[in-house]
Amino acid sequence: MNDVTQQDKNKGVSIVTVTNRMEYIDNVFLSYENQIWPEKELIIILNNDSMNLLEWKEISKKYSQVSIYQLSDHITLGSCLNFGVNKAKYGYIAKFDDDDYYGSLFLTEAMDTFKKRKADVVGKRTCYMYNTLTKELRLRFPKREHTPVSILQGGTIMAKKEVMERVPFPDKNVGEGLIFTTRCRRRGYRIYSTGRFNFAYIRHGNDSHTWNPSSKYFKQTSKRITFTDNFQAYVNPD
Numbered sequence: 186m187n188d189v190t191q192q193d194k195n196k197g198v199s200i201v202t203v204t205n206r207m208e209y210i211d212n213v214f215l216s217y218e219n220q221i222w223p224e225k226e227l228i229i230i231l232n233n234d235s236m237n238l239l240e241w242k243e244i245s246k247k248y249s250q251v252s253i254y255q256l257s258d259h260i261t262l263g264s265c266l267n268f269g270v271n272k273a274k275y276g277y278i279a280k281f282d283d284d285d286y287y288g289s290l291f292l293t294e295a296m297d298t299f300k301k302r303k304a305d306v307v308g309k310r311t312c313y314m315y316n317t318l319t320k321e322l323r324l325r326f327p328k329r330e331h332t333p334v335s336i337l338q339g340g341t342i343m344a345k346k347e348v349m350e351r352v353p354f355p356d357k358n359v360g361e362g363l364i365f366t367t368r369c370r371r372r373g374y375r376i377y378s379t380g381r382f383n384f385a386y387i388r389h390g391n392d393s394h395t396w397n398p399s400s401k402y403f404k405q406t407s408k409r410i411t412f413t414d415n416f417q418a419y420v421n422p423d
């Protein structure tokens, strides 16, 4: 902690990823490695007693500034996120989900929004959604880009560390992001939605998600873009 200057803290990002699924190990590291933002760290929290901590640590040696912890699966997602916030050394914290797609400019876009909009919490309200089973790419909540909002897509939430310390995530496994942004809004913090690019919410066509609304809900709150095997070509800006 002592070797991080105040300037580094102010421009650095701590990515916190909580996972209980071994099958997404490659995606967790790829999402981190993809980010071109220079000052970054990755904090991984294994929220499962049976996961092999040593295996994750061995793979993490290929990357710089990665810390891995293991907490009991009896501990909620919200509490795991708060643990990660406490371990973070930088002044901005990004909540990355283990199975979603993060383009290389995700952090860059968010940090630019913090600066230009004087925001306290940023993320995406309008975002792409891709179904790996049907190959369908949709756009969720169109026309909510580049504007103040009240809630954000959970896997895109970023905030100043001081905000996450003052407004901790609730001790819950579902809806922790919604409750966090609601509490931030009540405290007067400015929440801002970035653009549609650099992120895709990934659906796997099964019930592996903690939050599982109906297909009807997704269709009502989004519009179809296309069917494709290469959704990244649409998600990443030219």
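Per the numbering used here, residue 186 is the first one in the sequence shown, and the count goes up by one each step. Ideal placement from N, C-alpha and C gives every residue a C-beta, glycine not left out.
Figure out for me which residue from the options has the closest Cα to the Cα of residue i.
i	options	result
Val-359	Leu-262, Leu-322, Tyr-402	Leu-262
Thr-311	Pro-223, Ser-216, Asp-305, Gly-339	Gly-339
Ser-235	His-259, Pro-223, Ser-249	His-259
Glu-350	Pro-333, Arg-372, Asp-211	Arg-372
Taking the straight line between their C-alpha atoms, what separation do you get for residue i and residue j?
i	j	result
Val-307	Thr-379	7 angstroms
Ser-335	Arg-370	7 angstroms
Val-348	Lys-242	29 angstroms
Thr-366	Leu-337	7 angstroms
Ile-221	Ala-279	14 angstroms
Asn-232	Lys-346	22 angstroms
Thr-190	Pro-223	15 angstroms
Lys-274	Ile-253	14 angstroms
Ile-376	Asp-305	6 angstroms
Gln-192	Asn-237	36 angstroms
Gln-405	Lys-247	43 angstroms
What residue range does the beta strand (DSSP E) around residue i cover?
i	result
Gln-255	251-255
Ser-407	407-412
Leu-324	321-325
Less than 8 angstroms between C-beta atoms, sequence neighbours within five positions excluded: which residues of the same chain meet that for residue i?
i	result
His-394	Caution applies to His-394, whose pLDDT of 46 falls short of 50 and renders its modelled position unreliable; the value that the coordinates give is listed next. The residues are Arg-388.
Phe-384	Asp-285, Tyr-286, Tyr-287, Gly-288, Phe-291, Lys-309, Cys-312, Tyr-313, Gln-338, Gly-340, Thr-341, Val-420
Under 6 angstroms Cβ to Cβ from residue i, same chain only, skipping five residues before and after it: list those, please.
i	result
Val-251	Leu-227, Ser-245
Ser-437	Lying outside 186 to 423, the shown extent of the chain, residue 437 is not represented and no answer is given.
Asn-187	Bear in mind that the predicted position of Asn-187 carries a pLDDT of just 48, short of 50, making it too unreliable to give a figure here.
Gln-255	Leu-231, Leu-238
For residue i, I'd like the list of residues in its chain whose CB is within less than 7 angstroms of its CB, leaving aside the five on either flank, ordered along the chain.
i	result
Gly-213	Reading the sequence as shown, one finds Val at residue 213 and not Gly. Result list for Val-213: Thr-202, Thr-204, Ile-229, Asp-283, in chain order.
Could you check where the alpha helix (DSSP H) with residue i kicks off and where it finishes?
i	result
Arg-371	361-371
Asp-244	The question names Asp, yet the displayed sequence has Ile at residue 244. Where Ile-244 is concerned, the enclosing alpha helix (DSSP H) stretches over 238-245.
Gly-263	262-272
If you measure from the beta carbon of residue i to each beta carbon in chain E, is any gap under 8 angstroms?
i	result
Tyr-254	This model lacks chain E altogether; it includes just one protein chain.
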